[in-house]
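Q: In order, the protein sequence lines correspond to chains E and S. Just so we're aligned, residue 1 is where the first sequence starts under my numbering, counting upward by one. Just so we're aligned, residue 1001 is where the second sequence starts under my numbering, counting upward by one. For each residue, glycine too, the CB sits at the ideal point set by N, CA and C.
Protein chains: 2
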Amino acid sequence: MSAGRYEIRFSGAGGQGLILAGIIMGEAASIYDGKQAVQSQSYGPEARGGASKSEVIISDEPIDFPKAAAVDALLALTQEACDKYSRDLKEGGILLVDSDLVKKPPKGKFTLVRFPIINTAKNEVGRTIVANIVALGAMVALTGIVSRESAEKAVLSRVPEAFTDLNRKAFRAGYDKALQARDK
Amino acid sequence: MSAGRYEIRFSGAGGQGLILAGIIMGEAASIYDGKQAVQSQSYGPEARGGASKSEVIISDEPIDFPKAAAVDALLALTQEACDKYSRDLKEGGILLVDSDLVKKPPKGKFTLVRFPIINTAKNEVGRTIVANIVALGAMVALTGIVSRESAEKAVLSRVPEAFTDLNRKAFRAGYDKALQARDK
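1) From this set, S:D1083, S:G1093, S:F1110, which residue's C-alpha is nearest L1101 (chain S)'s C-alpha?
2) State the DSSP-derived secondary structure class of L101 (chain E), mapped to helix, strand or coil.
3) Measure the Cβ-Cβ separation of A51 (chain E) and S86 (chain E) and say whether it is below 8 Å.
4) Could you say if the segment 1030-1039 of chain S and the segment 1171-1181 of chain S meet the contact criterion of at least three C-beta pairs nearer than 8 Å?
5) With a cut-off of 8 Å on the beta carbons, I'd call R166 (chain E) and A73 (chain E) a contact; round off their distance for me.
6) 8 Å is my cut-off, CB to CB: does A1037 (chain S) come that close to chain E?
7) In whole angstroms, what separates the C-alpha of A121 (chain E) from that of L96 (chain E)?
8) Anything in chain E within Cβ reach of G1044 (chain S), meaning under 7 Å, just list it in chain order.
9) Quick check: the Cα distance between M1025 (chain S) and K184 (chain E), rounded to an integer number of angstroms?
10) Please list, in chain order, the chain S residues whose beta carbon lies closer than 8 Å to that of G150 (chain E).
11) For S2 (chain E), would you say it is in contact with chain S, using Cβ-to-Cβ distances shorter than 8 Å as the test?
12) In the DSSP output, what is F1110 (chain S) paired with across the bridge?
13) Taking the alpha-carbon positions, what's the A1154 (chain S) to A1028 (chain S) distance?
14) Could you tell me how far apart the beta carbons of D1088 (chain S) and V1113 (chain S) are, in whole angstroms, since I believe they sit closer than 8 Å?
15) Run through the DSSP bridge pairs and tell me what I1058 (chain S) is partnered with.
16) When you compare the CB of P1160 (chain S) with every CB in chain E, is at least one pair closer than 8 Å?
17) L95 (chain E) by DSSP, collapsed to three states: which one?
18) So the candidates are S:G1093, S:Q1036, S:G1022, S:R1158; which of them puts its Cα closest to the Cα of K1185 (chain S)?
19) Determine the extent of the beta strand (DSSP E) in which D88 (chain E) is found, giving its start and end residues.
20) Do you know how far the Cα of Q1016 (chain S) is from the Cα of V1056 (chain S)?
21) If you reduce the DSSP assignment to three classes, tell me which class S1030 (chain S) lands in.
22) Could you check the C-alpha separation between P1116 (chain S) and K53 (chain E) for me, to the nearest Å?
23) Tell me which same chain residues have a C-beta within less than 7 Å of the C-beta of K177 (chain E), skipping the five on either side of it?
24) Please confirm if G26 (chain E) has its CB atom under 8 Å from at least one CB of chain S.
25) If we cut at 8 Å on Cβ distances, does P106 (chain E) have a partner in chain S?
26) For V125 (chain E), which beta-bridge partners are listed by DSSP?
27) How is the alpha helix (DSSP H) around L1077 (chain S) delimited, first residue to last?
28) Among all the DSSP beta bridges, which residues are the ones paired with G1012 (chain S)?
29) Using DSSP's beta-bridge definition, name the partner residues of F1115 (chain S).
30) How many angstroms separate the CA atom of S1059 (chain S) from the CA atom of A1037 (chain S)?
31) Report the three-state DSSP secondary structure of A173 (chain E) (helix, strand or coil).
32) Whose Cβ in chain E lies nearer than 9 Å to the Cβ of K1177 (chain S)?
33) May I have the straight-line CA-CA distance separating G1022 (chain S) from E149 (chain E), to the nearest angstrom?
34) Name the chain S residues that come within less than 8 Å of Q41 (chain E), Cβ to Cβ?
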């Protein structure tokens, strides 16, 4: 998992904090893990409402082409986003979905991991608003592309100090639940 | 200014809110003005400390190559960022610098606009933290690539409701001062 190019896409609905999740993943990889990273969001005329996404490309080498084309790991927090953005998922890739909201994940040669991401944020961590950080923790665990320590540092550097504990709890809940869901 | 590809780069130091400025510019162009936009940040091993940047590419057509190569408009909030990121500025482009912090702007065939951006945020708007929104207002005024109304809506949709007035004031201060500085 260390060399080469690795593409991650976070998708869901607008307002779910997916850009922040992408920014934190990019900063974890670069600032704390010493890799190259490009984080981006593309908006078309469909940007108002509906499905939205953010992307991170991580590499040991300079990244010449910063657009995701063969996605290694995809998060989908809504069925619409899953339908729209799972086409580019690589064979052998990872698809993480919210099991309450994505009832019909695609079929294919990839590892499907499902757990109730938003419900975990709401009922176990205590605030729906940290669902993006639960999802980020899960993606860090499943991809292994950045270290857990780097990702936690990157989370804490991006959230208001008053919410440090909440976000750490969210990150860890996502991390642990994703591994349980994958391995069960 | 309507057709074709338009590249904007916001540069300065980490922690100055340049990613947020880029996100807001991208959302103004796409969600509110109906154009295509890609917003991105690239991080290398140098990402820890020092100069940092975020970029937005805006077009009426789908954007195939999302990396800035010939920058139409550059903001530089620090001398280091100005030195590092002004090389790709197009002939005929726009360079906006903080006049207190960038004492040696490059020479070249572009429009140089200088005013004390951070000082405006601190002393006229009342909070240094909104310097990014002052700068954004200035870039909207100077580039004309998104409408003032769209940009204001995009700002207000991205900032906490308690800070609506502060951010509106910051945006308008930047917008007005940039035009004064350019036309004087």
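A: In this structure, then:
1) Taking the first residue of the second sequence as 1, we reach residue 1101 (chain S) at position 101. Ranking the options by Cα distance to L1101 (chain S), first place goes to S:D1083.
2) By one-based count along the first sequence, residue 101 (chain E) stands at place 101. Note: L101 (chain E) maps to coil in three-state DSSP.
3) For the purposes of this step, residue 51 (chain E) is taken as residue 51 along the first sequence, with counting starting at 1. For the purposes of this step, residue 86 (chain E) is taken as residue 86 along the first sequence, with counting starting at 1. It is not a contact, given that the beta carbons lie outside the stated cut-off.
4) no
5) Here the question's residue 166 (chain E) lines up with position 166 in the first sequence. Here the question's residue 73 (chain E) lines up with position 73 in the first sequence. Going by the sequence as given, residue 166 (chain E) is Leu instead of Arg. Actually they are not in contact, since the Cβ atoms of L166 (chain E) and A73 (chain E) sit about 25 Å apart, beyond 8 Å.
6) Taking the second sequence and counting its residues from 1, the one referred to as residue 1037 (chain S) is at position 37. Yes, A1037 (chain S) counts as interfacial toward chain E.
7) On the first sequence, position 121 is the one that residue 121 (chain E) refers to. On the first sequence, position 96 is the one that residue 96 (chain E) refers to. C-alpha separation (whole angstroms): 16 Å.
8) Numbered from its first residue, the second sequence carries residue 1044 (chain S) at position 44. Chain E residues near G1044 (chain S): S30, Q36.
9) Counting from 1 along the second sequence, the entry for residue 1025 (chain S) is found at position 25. Counting from 1 along the first sequence, the entry for residue 184 (chain E) is found at position 184. Whole-angstrom Cα-Cα distance: 44 Å.
10) In the first sequence, residue 150 (chain E) corresponds to position 150, counting from 1. Correcting the residue type first, residue 150 (chain E) is Ser in the shown sequence and not Gly. Simply none; closest approach about 12 Å.
11) As a working note, residue 2 (chain E) is residue 2 in the first sequence. Unreliable placement is indicated for S2 (chain E), whose pLDDT of 41 sits below 50; the coordinate value is still reported in the next sentence. Closer than 8 Å: no.
12) Taking the first residue of the second sequence as position 1, residue 1110 (chain S) is located at position 110. F1110 (chain S) pairs with nothing; no bridge assigned.
13) Your numbering for residue 1154 (chain S) matches position 154 in the second sequence. Your numbering for residue 1028 (chain S) matches position 28 in the second sequence. Answer to the nearest angstrom: the Cα atoms are 5 Å apart.
14) To locate residue 1088 (chain S), count along the second sequence from 1; it is residue 88. To locate residue 1113 (chain S), count along the second sequence from 1; it is residue 113. Not quite, the Cβ-Cβ distance comes to about 18 Å (not below 8 Å), so this is no contact.
15) Mapped onto the second sequence, residue 1058 (chain S) falls at position 58. Paired residue(s): S:Y1006, S:A1037.
16) The residue you call residue 1160 (chain S) lines up with position 160 of the second sequence. No, because no Cβ of chain E sits closer than 8 Å to the Cβ of P1160 (chain S).
17) Along the first sequence, one-based indexing puts residue 95 (chain E) at 95. Looking at L95 (chain E) - three-state DSSP - the assignment turns out to be strand.
18) In the structure as shown, chain S begins at 1001 and stops at 1184. Residue 1185 (chain S) is therefore absent and cannot be evaluated.
19) Within the first sequence, numbered from 1, the residue matching residue 88 (chain E) stands at position 88. Neither: D88 (chain E) is in no beta strand (DSSP E) and is coded neither H nor E.
20) Counting from 1 along the second sequence, the entry for residue 1056 (chain S) is found at position 56. Counting from 1 along the second sequence, the entry for residue 1016 (chain S) is found at position 16. V1056 (chain S) and Q1016 (chain S): Cα-Cα distance of roughly 17 Å.
21) In the second sequence, residue 1030 (chain S) corresponds to position 30, counting from 1. Three-state DSSP puts S1030 (chain S) in a helix.
22) Position 116 of the second sequence, counted from the first residue, corresponds to residue 1116 (chain S). Position 53 of the first sequence, counted from the first residue, corresponds to residue 53 (chain E). Roughly 36 Å separates the two Cα atoms.
23) By 1-based counting over the first sequence, the position of residue 177 (chain E) is 177. Only F115, T120, A138 meet the Cβ criterion.
24) As a position in the first sequence, residue 26 (chain E) is number 26, starting the count at 1. By this cut-off, G26 (chain E) is an interface position.
25) The residue you call residue 106 (chain E) lines up with position 106 of the first sequence. For P106 (chain E), the nearest beta carbon of chain S is not closer than 8 Å to its own beta carbon.
26) Translated into positions along the first sequence, residue 125 (chain E) becomes position 125. BP columns for V125 (chain E) are empty, so no partner.
27) As a working mapping, residue 1077 (chain S) is identified with position 77 in the second sequence. Taken as a continuous stretch (DSSP letters only), L1077 (chain S) belongs to no alpha helix (DSSP H), as it is neither H nor E.
28) Locating residue 1012 (chain S) in the second sequence gives position 12, counting from the first residue. Answer by DSSP bridge pairing, in chain order: S:S1052.
29) Within the second sequence, residue 1115 (chain S) is the residue found at index 115, counting from 1. Note: F1115 (chain S) sits in a beta bridge opposite S:D1098.
30) To locate residue 1059 (chain S), count along the second sequence from 1; it is residue 59. To locate residue 1037 (chain S), count along the second sequence from 1; it is residue 37. Cα to Cα, S1059 (chain S) sits roughly 6 Å from A1037 (chain S).
31) Counted from its first residue, the first sequence places residue 173 (chain E) at position 173. The three-state reading of DSSP puts A173 (chain E) in helix, counting H, G and I together.
32) Within the second sequence, residue 1177 (chain S) is the residue found at index 177, counting from 1. From the beta-carbon of K1177 (chain S), no residue of chain E is found nearer than 9 Å; the closest lies around 28 Å away.
33) Looking up residue 1022 (chain S) in the second sequence gives position 22. Looking up residue 149 (chain E) in the first sequence gives position 149. Approximately 28 Å, taken between the alpha carbons.
34) One-based indexing of the first sequence puts residue 41 (chain E) at position 41. Chain S residues near Q41 (chain E): I1023, G1026, V1038, Q1039, S1040.
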